[in-house]
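Notes follow the structure.
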Amino acid sequence: DVKVTQSSRYLVKRTGEKVFLECVQDMDHENMFWYRQDPGLGLRLIYFSYDVKMKEKGDIPEGYSVSREKKERFSLILESASTNQTSMYLCASWTRLSTDTQYFGPGTRLTVL
Amino acid sequence: DAKTTQPNSMESNEEEPVHLPCNHSTISGTDYIHWYRQLPSQGPEYVIHGLTSNVNNRMASLAIAEDRKSSTLILHRATLRDAAVYYCILSPTGYALNFGKGTSLLVTP
């Protein structure tokens, strides 16, 4: 089974802190995604990566950056956390070689105080 | 992106079939129809996807209208564990998925 893991299930940070959210997948998928999920807004794409060191902006990249130094790991970085970044963050991975399925991690619920 | 329209919520009795509708009148020829679901406190999980023909797998069936402007996800016998938010998503294969608000399915014993 494909497994996508995220470094924390719950995280509490203060405004202005630098925050790292880590995502690791164990199936050699070339594509990885970061979404955020907010009540009434569904899931929204922040960034995605289709290869090591490659990244593309999604629908709401402002206030975020990403890093993909190794194929299995995709990091989401909040350079200076703000209260409006309080949300559920979901990571996903995907490969063309499988059934076209995106596999999601369990999510990180981030609270910025 | 082509848009989908789903009911906000639906209710079903346990052990009965459930038909979850999705309208996508602006679908393009390269768009696949994907269905994902999200159980409480979990990340979304893949259910099924298709392009033109009806599809079946161990979880569900996908019925696609001939003009592709609508589709229906069919759960043949709902269980309490099927209570979730179901998302109908259009995407060319290989692209990031654009999740909307989905349909919240309530299953009652």
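Chains A and B are the protein sequences, given in the same order. Read in order, the letters of the first sequence correspond to residues 61 to 173 in the numbering used here. Read in order, the letters of the second sequence correspond to residues -16 to 92 in the numbering used here. Idealized CB from N, CA, C, for every residue including glycine.
Can you look up Arg64/B in the DSSP assignment and give me helix, strand or coil? Your numbering for residue 64/B matches position 81 in the second sequence. Here Arg64/B sits in helix by DSSP.
Candidates Pro0/B, Glu(-2)/B, Thr13/B, Thr91/B: closest to Leu73/B by CA position: As a first step, residue 73/B is located in the second sequence; it is residue number 90 there, counting from the start. Nearest option by C-alpha distance: Thr13/B.
Per DSSP, what kind of secondary structure is Asn40/B in: helix, strand or coil? As a working note, residue 40/B is residue 57 in the second sequence. Reduced to three states, the DSSP call for Asn40/B is coil.
Excluding the 5 residues preceding and the 5 following Pro4/B in the sequence, name in chain order all residues of the same chain whose CB lies nearer than 6 angstroms to its CB. For the purposes of this step, residue 4/B is identified with residue 21 of the second sequence, where counting begins at 1. Here the set comprises Thr55.
With DSSP collapsed to three states, give me the class of Gln25/B. Counting from one through the second sequence, the residue named residue 25/B turns up at place 42. Coil.
When you compare only the Cα positions, how much space is there between Val90/B and Ser153/A? Looking up residue 90/B in the second sequence gives position 107. Looking up residue 153/A in the first sequence gives position 93. Straight-line Cα distance between these residues: approximately 30 angstroms.
When you compare the CB of Ala79/B with every CB in chain A, is at least one pair closer than 8 angstroms? Residue numbering aside, residue 79/B sits at position 96 when the second sequence is read from its first letter. Answer yes: the Cβ-Cβ gap between Ala79/B and chain A drops below 8 angstroms somewhere.
Simplified DSSP assignment, three categories, for Thr145/A: Reading the first sequence from its first residue, position 85 is the one you call residue 145/A. Thr is not the amino acid found at residue 145/A; the sequence shown has Gln there. Three-state DSSP puts Gln145/A in a helix.
Please name the residues in the segment 1 to 34 of chain B whose beta-carbon is closer than 9 angstroms to at least one beta-carbon of chain A, in chain order. Tyr15, His17, Tyr19, Gln21, Ser24, Gln25, Gly26, Pro27, Glu28, Tyr29, His32
Could you say which of Ile10/B, Tyr69/B, Gly26/B lies nearest to Met42/B if we only look at CA atoms? Residue mapping note: residue 42/B aligns to position 59 of the second sequence, counting from 1. Looking at the Cα atoms, Tyr69/B is the closest of the given residues.
Compare the beta carbon distance of Ser67/A and Asn91/A with 8 angstroms and say whether it is the shorter of the two. In the first sequence, residue 67/A corresponds to position 7, counting from 1. In the first sequence, residue 91/A corresponds to position 31, counting from 1. In this structure, Asn91/A does not lie closer than 8 angstroms to Ser67/A by Cβ.
Do the segment 85 to 104 of chain A and the segment 132 to 139 of chain A make contact, defined as three or more Cβ pairs closer than 8 angstroms? yes
Can you tell me the Cα-Cα spacing of Asp111/A and Pro23/B, whole angstroms? Translated into positions along the first sequence, residue 111/A becomes position 51. Translated into positions along the second sequence, residue 23/B becomes position 40. Cα-Cα distance, rounded: 31 angstroms.
Which chain B residues are close to Thr161/A, counting only those with a beta carbon under 7 angstroms from its beta carbon? On the first sequence, residue 161/A is found 101 positions in, with the first residue counted as 1. By Cβ distance, chain B contributes Tyr29.
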